[in-house]
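**Q**
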């Protein structure tokens, strides 16, 4: 049986932020490969470069040097407009802070993602079906601030799914949620990965959350420390205590 | 379908209201002030045309603005004018100005007329109350001025150091608002035997053009204007009017430009995070620019509509409280003010839109 192709790949990826006259390295030569349909967690302490890596993988930011391939296209080689187009067609983002547009209803938040994508307009029924996946069909006409934080994150996930992206990048999607809502969101991501074969890259601090994924990439000081399953990388007791 | 510009307009009520009101102010100012300038001009011209004469005969190099005319013509020139073929009647007019009404400063143009010839060249003075110009130092005012300044029959008015008596109220709409006998005005202004211009009536069956041509032939250098095109002549000679209107137009567009620039610039800063979200969703620079421009367009259009309403309100206020003034709200200027208000606003939105499009998505998403 043939191995799935790498949908995300970085080669000697470096990112340096300039603060005044000071260069602050955020990523120092990252080489990773994520295969189509994988569910990968990125773990590591705050400031280790996880979010920077996710932003570069999603085309929100450019690397200082090195290469990042999304479905075979090197983002380092393409124009801003091309990067934007690729992000729009291939990637769905889920953020820790949900990042919903508070002036729009839940339905309009989902519609606008389709509008930007440029595909055929999405009907109210289709939006309802999408919200059914996150069990929020009845909240179509609510505004984000009228929803609980867990519901907001589920809407954000529905929005990320509207254009059926090949890759979902989730930056601490459970960071602002309680354990019950966290569990729901993680199960949702896991189901999407299993049933729709969507590639998911999720940043998390929580080993219990990372257990949902097939593989964990551990980072430290802008470098990849190790790859493996949670069981391989984290002592079971530690995982248990951090999850609590 | 998701309409972010409309949602933002309705969710940012104060910003939207201020933007709309400012654009409306520019539009209404332009409409009312241009309307006032054109209206006063048109109304004056119309009243002169309504006298009913066919030709205006003035000294060489005269202005169609009759108030600027001096009494330099001999009244006896009228006899020579009557000799011109096709001329049926001639009425000498001496121009004067009333500078105070009931102690209040006001400039009102007066005609010194010879009652008989004035009535002959046109519709004449249609006296509604009183005896009209029957005795020396009689004064006739029209219904508009009488109503505006509560002038009643028998009232004494000091004009040019002489006490006149209001002896008649005439129908407004023809000539000027105040009339006196030409002899009284000649005496009061030490212009005995003089006239400022003549109204001429063409004989029945003779074309005004033919009479004008005959007059021009006989009186070379004199200014001879067919009254049918008097309004046009006034507009052409209105010194500074075009410049005034141009300045007002620039002013209105500038208000829209500055207000929308400020409103949208503030909005973009306030909504940096929102723009970051849109960019994360894959919005292109064009999409962001279009979003800002569409929002500004809606604000400008609403501002223009409110500006139209304000201008009607302004006209109502002016003609109610200042009945001698006239505001001509011309459809052409509605279109022009809408164009200026909207284009000024869109121009003002360009820079904020460009800035929004240039925002770095990561920085925008981290904006607090």
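Chains as they are written, first to last, in the numbering used here: chain A, 1 to 244; chain B, 1001 to 1368. Yeah, the Cβ is synthetic: ideal placement off N, Cα and C, and Gly gets one too.
Taking its Cβ as the centre, do 16 or more other Cβ atoms sit within 10 Å of residue 1286 (chain B), making it buried, or is it exposed?
**A** Residue mapping note: residue 1286 (chain B) aligns to position 286 of the second chain, counting from 1. Looking at its Cβ environment, which holds fewer than 16 other Cβ atoms inside 10 Å, residue 1286 (chain B) is exposed.
**Q** Expressed to the nearest angstrom, what Euclidean distance is found between the alpha-carbon atoms of residue 169 (chain A) and residue 1015 (chain B)?
**A** Residue numbering aside, residue 169 (chain A) sits at position 169 when the first chain is read from its first letter. Residue numbering aside, residue 1015 (chain B) sits at position 15 when the second chain is read from its first letter. Using only the alpha carbons, I get a separation of about 36 Å.
**Q** Where do the N-terminal and C-terminal ends of the alpha helix (DSSP H) with residue 89 (chain A) fall, by residue?
**A** What you label residue 89 (chain A) is simply residue 89 of the first chain in a count that begins at 1. Per DSSP, residue 89 (chain A) belongs to the alpha helix (DSSP H) from 80-90.
**Q** Would you say residue 242 (chain A) lies against chain B (beta-carbon separation less than 7 Å)?
**A** For the purposes of this step, residue 242 (chain A) is identified with residue 242 of the first chain, where counting begins at 1. With a pLDDT of 48 at residue 242 (chain A), under the threshold of 50, the modelled position of that residue is not reliable, and no figure is offered here.
**Q** Is the Cβ of residue 1146 (chain B) closer than 7 Å to any Cβ of chain A?
**A** Mapped onto the second chain, residue 1146 (chain B) falls at position 146. For residue 1146 (chain B), the answer is no, since every Cβ of chain A falls outside 7 Å of its Cβ.
**Q** Can you tell me the Cα-Cα spacing of residue 50 (chain A) and residue 1363 (chain B), whole angstroms?
**A** For the purposes of this step, residue 50 (chain A) is taken as residue 50 along the first chain, with counting starting at 1. For the purposes of this step, residue 1363 (chain B) is taken as residue 363 along the second chain, with counting starting at 1. Cα to Cα, residue 50 (chain A) sits roughly 16 Å from residue 1363 (chain B).
**Q** Residue 129 (chain A) by DSSP, collapsed to three states: which one?
**A** Stepping through the first chain from its first residue, residue 129 (chain A) is reached at position 129. Residue 129 (chain A): helix per DSSP, three-state reduction.
**Q** Using 8 Å for Cβ pairs, my map puts residue 1275 (chain B) next to residue 1356 (chain B). What's the rounded Cβ distance?
**A** By 1-based counting over the second chain, the position of residue 1275 (chain B) is 275. By 1-based counting over the second chain, the position of residue 1356 (chain B) is 356. That belief holds up - the Cβ atoms of residue 1275 (chain B) and residue 1356 (chain B) are roughly 5 Å apart, short of 8 Å.
**Q** Whose C-alpha, out of B:1224, B:1020, B:1039 and B:1023, is nearest the C-alpha of residue 1238 (chain B)?
**A** Locating residue 1238 (chain B) in the second chain gives position 238, where the first residue counts as 1. The shortest C-alpha separation from residue 1238 (chain B) is found at B:1039.
**Q** Assuming residue 94 (chain A) contacts residue 157 (chain A) (C-beta within less than 8 Å), just tell me the rounded distance between them.
**A** Against the first chain, residue 94 (chain A) aligns to sequence position 94. Against the first chain, residue 157 (chain A) aligns to sequence position 157. Confirmed, Cβ separation roughly 6 Å.
**Q** By the 10 Å Cβ neighbour count, where 16 or more other Cβ atoms means buried, how is residue 1001 (chain B) classified, buried or exposed?
**A** Here residue 1001 (chain B) refers to the residue found at position 1 of the second chain. With a pLDDT of 48 at residue 1001 (chain B), under the threshold of 50, the modelled position of that residue is not reliable, and no figure is offered here.
**Q** Chain A partners of residue 1287 (chain B), CB-CB under 8 Å?
**A** Position 287 of the second chain, counted from the first residue, corresponds to residue 1287 (chain B). Here the neighbours are 116.
**Q** Taking residue 1320 (chain B) as the reference, give the member of B:1021, B:1121, B:1089 and B:1144 with the closest Cα.
**A** Here residue 1320 (chain B) is taken as the residue at index 320 of the second chain, counted from 1. The option with the nearest alpha carbon to residue 1320 (chain B) is B:1144.
**Q** With DSSP as the reference, label residue 1179 (chain B) as helix, strand or coil.
**A** Counting from 1 along the second chain, the entry for residue 1179 (chain B) is found at position 179. Strand, per DSSP.
**Q** Please check the pair residue 116 (chain A) and residue 127 (chain A), which I expect to be a contact at CB under 8 Å, by giving their CB distance rounded to whole angstroms.
**A** Taking the first residue of the first chain as 1, we reach residue 116 (chain A) at position 116. Taking the first residue of the first chain as 1, we reach residue 127 (chain A) at position 127. Actually they are not in contact, since the Cβ atoms of residue 116 (chain A) and residue 127 (chain A) sit about 15 Å apart, beyond 8 Å.
**Q** By a C-beta neighbour count over all protein chains shown, 10 Å radius and 16 as the cutoff for buried, is residue 1221 (chain B) buried or exposed?
**A** Against the second chain, residue 1221 (chain B) aligns to sequence position 221. Looking at its Cβ environment, which holds fewer than 16 other Cβ atoms inside 10 Å, residue 1221 (chain B) is exposed.
**Q** Just mark residue 218 (chain A) as buried or exposed, buried being the case when its beta carbon has 16 or more other beta carbons within 10 Å.
**A** Taking the first residue of the first chain as position 1, residue 218 (chain A) is located at position 218. Buried, because 16 or more other Cβ atoms sit within 10 Å of the Cβ of residue 218 (chain A).
**Q** Could you give the DSSP three-state label for residue 25 (chain A): helix, strand or coil?
**A** To locate residue 25 (chain A), count along the first chain from 1; it is residue 25. Looking at residue 25 (chain A) - three-state DSSP - the assignment turns out to be strand.
**Q** Taking 6 Å as the cut-off, does the CB of residue 1048 (chain B) come closer than this to any heavy atom belonging to the ligand SAH?
**A** Here there are no bound small molecules, and the ligand SAH is not part of this structure.
**Q** Along the chain, where does the alpha helix (DSSP H) that runs through residue 1218 (chain B) open and close?
**A** Start at 1 with the first residue of the second chain, and residue 1218 (chain B) comes out as number 218. It spans 1208-1218 - the alpha helix (DSSP H) in which residue 1218 (chain B) sits, taken as one unbroken run.
**Q** At what residues does the beta strand (DSSP E) containing residue 1099 (chain B) begin and finish?
**A** The residue given as residue 1099 (chain B) occupies position 99 in the second chain. Segment 1087-1101, the beta strand (DSSP E) holding residue 1099 (chain B).
**Q** Under DSSP, the beta strand (DSSP E) around residue 1082 (chain B) begins and ends at which residues?
**A** Counted from its first residue, the second chain places residue 1082 (chain B) at position 82. Looking at the DSSP string, residue 1082 (chain B) is not in any beta strand (DSSP E); the run it does join, the alpha helix (DSSP H), is 1077-1082.
**Q** Name the chain B residues whose beta carbon is nearer than 7 Å to that of residue 87 (chain A)?
**A** Along the first chain, one-based indexing puts residue 87 (chain A) at 87. Simply 1282.
**Q** Which same chain residues end up closer than 6 Å to residue 1225 (chain B) when comparing Cβ atoms and leaving out the 5 residues on each side of it in sequence?
**A** For the purposes of this step, residue 1225 (chain B) is taken as the residue at position 225 of the second chain. Cβ within range, chain order: 1056 and 1233.
**Q** Just to confirm, are residue 1311 (chain B) and residue 1026 (chain B) a CB contact at a threshold of 7 Å?
**A** The residue given as residue 1311 (chain B) occupies position 311 in the second chain. The residue given as residue 1026 (chain B) occupies position 26 in the second chain. Contact flag unset, no.
**Q** Along the segment 135-165 of chain A, where does the CB come closer than 7 Å to a CB of chain B? Name the residues.
**A** Answer set for the segment 135-165 of chain A: empty.
**Q** Residue 1008 (chain B) versus chain A: which residues are under 7 Å apart at the beta carbon?
**A** What you label residue 1008 (chain B) is simply residue 8 of the second chain in a count that begins at 1. Chain A residues near residue 1008 (chain B): 103.
**Q** Considering residue 1249 (chain B), what are the terminal residues of the alpha helix (DSSP H) in which it resides?
**A** Translated into positions along the second chain, residue 1249 (chain B) becomes position 249. Per DSSP, residue 1249 (chain B) belongs to the alpha helix (DSSP H) from 1241-1270.
**Q** Assuming residue 1019 (chain B) and residue 1299 (chain B) are in contact, meaning their beta carbons sit under 8 Å apart, how far apart are those beta carbons, in whole angstroms?
**A** The sequence position of residue 1019 (chain B) within the second chain is 19, counting from 1. The sequence position of residue 1299 (chain B) within the second chain is 299, counting from 1. Yes, residue 1019 (chain B) and residue 1299 (chain B) are in contact; Cβ-Cβ is about 4 Å, under 8 Å.
**Q** By Cβ distance below 6 Å, which residues in the same chain neighbour residue 1347 (chain B) in space, the five residues on each side in sequence not counted?
**A** Here residue 1347 (chain B) is taken as the residue at index 347 of the second chain, counted from 1. Closer than 6 Å at Cβ, skipping near neighbours: 1257.
**Q** List the DSSP bridge partners of residue 217 (chain A).
**A** For this step, residue 217 (chain A) is matched to residue 217 along the first chain. Bridge partners of residue 217 (chain A): A:42 and A:227.
**Q** Could you give the C-beta distance for residue 1327 (chain B) and residue 1035 (chain B), rounded to a whole number, given that I count them as a contact under 8 Å?
**A** Position 327 of the second chain, counting from 1, holds the residue named residue 1327 (chain B). Position 35 of the second chain, counting from 1, holds the residue named residue 1035 (chain B). The Cβ separation is near 4 Å, so the contact holds.
**Q** Taking all protein chains shown into account, do 16 or more other C-beta atoms lie within 10 angstroms of the C-beta of residue 241 (chain A), making it buried, or fewer, making it exposed?
**A** Taking the first residue of the first chain as position 1, residue 241 (chain A) is located at position 241. With a pLDDT of only 48 at residue 241 (chain A), under 50, the local geometry of the prediction cannot be trusted, and the value read off the model is given with reservation. Residue 241 (chain A) should be labelled exposed.
**Q** Contact check, residue 1342 (chain B) vs residue 1301 (chain B) under 8 Å by CB: the rounded distance?
**A** Here residue 1342 (chain B) is taken as the residue at index 342 of the second chain, counted from 1. Here residue 1301 (chain B) is taken as the residue at index 301 of the second chain, counted from 1. Indeed they touch by this definition, with Cβ atoms about 7 Å apart.
**Q** Would you verify that the beta carbon of residue 1362 (chain B) is, or is not, closer than 7 Å to some beta carbon of chain A?
**A** In the second chain, counting from the first residue as 1, residue 1362 (chain B) sits at position 362. It does; some Cβ of chain A falls within 7 Å.
**Q** Along chain A, which residues have their Cβ under 7 Å away from the Cβ of residue 1299 (chain B)?
**A** Taking the second chain and counting its residues from 1, the one referred to as residue 1299 (chain B) is at position 299. Going along chain A, no residue has its Cβ under 7 Å from residue 1299 (chain B), so there is no contact; the nearest lies around 15 Å.
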